[in-house]
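*Asks:*
Residue numbers (the numbering used here): 4 to 277.
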């Protein structure tokens, strides 16, 4: 076979491989694989939130005071803030309340809702009672959580017992889920297919968000699912520029935080925060 024919055959084979495995060596695919690293993703979610945990507000700082409260979904929310330079006119502090303990403030004995193996940890963990003095200082209180039904249906009681003043602003951030993430299966799909790809979400998500909606008025409820995913029970997995939104189905990659934050802070009820 002549060198010329060999070159033609080689080119044809390469073209065929490119068509059958679109974007195989694509930088976006490489970035996708890196973004799906659960260990690195977990570090990203936690780090800045924990650095701000229980940070006292500075009375000499002229900026308003924002307190973000909750579990790893509150950590996610902080990342959407920081990735978009949102709340720039606020000094920010955080309080971490573990998901296994949930968010509740009231007289009811809730020990029955917490697994016995977690009760000792929850007894020592930060909680709304301990945070109440700092909450009273804040101009803006944001509570974000992977809410469970029992805490969601008691949210109005919790808010009443927080005794927020009329001049304080508060926002409740609902549940989010992007379903099961399987990066290996995405690598051979075309860009067009990836942009159309949607996952069914956590089965509790829609019911819990509907519960939250009955507990708090629309001006104070951030329906993160609706803002990102629309009215149905599925969510996209990729940003418009083909970056993975979530590395584990529940928490955001840096690109996901930038994308989600750009949506959250461009629409009510967060767009009003200045």
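We put the CB at the ideal spot given by N, CA and C, even for glycine.
Here the structure is a predicted model, which is why all the values come from computation and not from measurement.
1. Taking 7 Å as the limit between beta carbons, can you name the residues of its chain near residue 196, skipping five residues before and five after?
2. My output table needs one value for residue 94: the three-state DSSP class, helix, strand or coil.
3. Once the 5 residues before and after residue 272 are set aside, which same chain residues still bring their CB inside 8 Å of it?
4. Leaving aside the five residues before and after residue 260 along the sequence, list all residues of the same chain whose C-beta is less than 6 Å from its C-beta, in chain order.
5. Mind reading off the beta-carbon distance from residue 142 to residue 180? Whole number of angstroms is fine, and I expect it under 8 Å.
6. To the nearest angstrom, how far is it from the Cα of residue 188 to the Cα of residue 255?
7. Residue 129 to residue 100, Cα distance in whole Å?
8. Would you call residue 149 buried or exposed, if buried means 16 or more other Cβ atoms sit within 10 Å of its Cβ?
9. Following the continuous beta strand (DSSP E) through residue 73, name the residue where it begins and the one where it ends.
10. Buried or exposed: where does residue 91 fall if 16 or more other Cβ atoms within 10 Å of its Cβ makes it buried?
11. Does the count of Cβ pairs from the segment 27-45 and the segment 114-128 closer than 8 Å reach three?
12. How would you call residue 105, buried or exposed, if buried means at least 16 neighbouring beta carbons within 10 angstroms?
13. Please state the DSSP three-state secondary structure of residue 28.
*Replies:* The answer reads as follows:
1. Counting from 1 along the chain shown, the entry for residue 196 is found at position 193. Once the five neighbours on either side are set aside, residue 196 has no close Cβ partner at all.
2. What you label residue 94 is simply residue 91 of the chain shown in a count that begins at 1. Residue 94 falls in the strand class under three-state DSSP.
3. By one-based count along the chain shown, residue 272 stands at place 269. Non-local beta-carbon contacts of residue 272 in its own chain, meaning distances under 8 Å to residues more than five positions away in sequence, involve 174, 221, 222, 223, 224 and 225 in chain order.
4. What you label residue 260 is simply residue 257 of the chain shown in a count that begins at 1. Counting only residues of its own chain and dropping the five nearest sequence neighbours on each side, residue 260 has a CB closer than 6 Å to the CB of 82, 83 and 86.
5. Against the chain shown, residue 142 aligns to sequence position 139. Against the chain shown, residue 180 aligns to sequence position 177. Not quite, the Cβ-Cβ distance comes to about 31 Å (not below 8 Å), so this is no contact.
6. Walking along the chain shown from the start, residue 188 turns up at place 185. Walking along the chain shown from the start, residue 255 turns up at place 252. A straight line joining the alpha-carbon of residue 188 with that of residue 255 spans about 19 Å.
7. Start at 1 with the first residue of the chain shown, and residue 129 comes out as number 126. Start at 1 with the first residue of the chain shown, and residue 100 comes out as number 97. Residue 129 and residue 100 have their C-alpha atoms spaced approximately 6 Å apart.
8. If you number the chain shown from 1, residue 149 lands on position 146. So residue 149 ends up on the buried side.
9. The residue labelled residue 73 in the question sits at position 70 within the chain shown. That run of the beta strand (DSSP E) goes 67-73.
10. Here residue 91 refers to the residue found at position 88 when the chain shown is read from its first residue. With fewer than 16 other Cβ atoms inside 10 Å of its own Cβ, residue 91 counts as exposed.
11. Because the criterion of three Cβ pairs below 8 Å is not met, the segment 27-45 and the segment 114-128 do not touch.
12. Looking up residue 105 in the chain shown gives position 102. In this structure residue 105 is buried. Its beta-carbon is surrounded by 16 or more other beta-carbon atoms within 10 angstroms.
13. Here residue 28 corresponds to residue number 25 of the chain shown, with the count starting at 1. Confidence at residue 28 is low in this model, with a pLDDT of 43, below 50, so the placement of that residue should be treated as unreliable; the coordinate-derived value is given next. Residue state, collapsed to three classes: coil.
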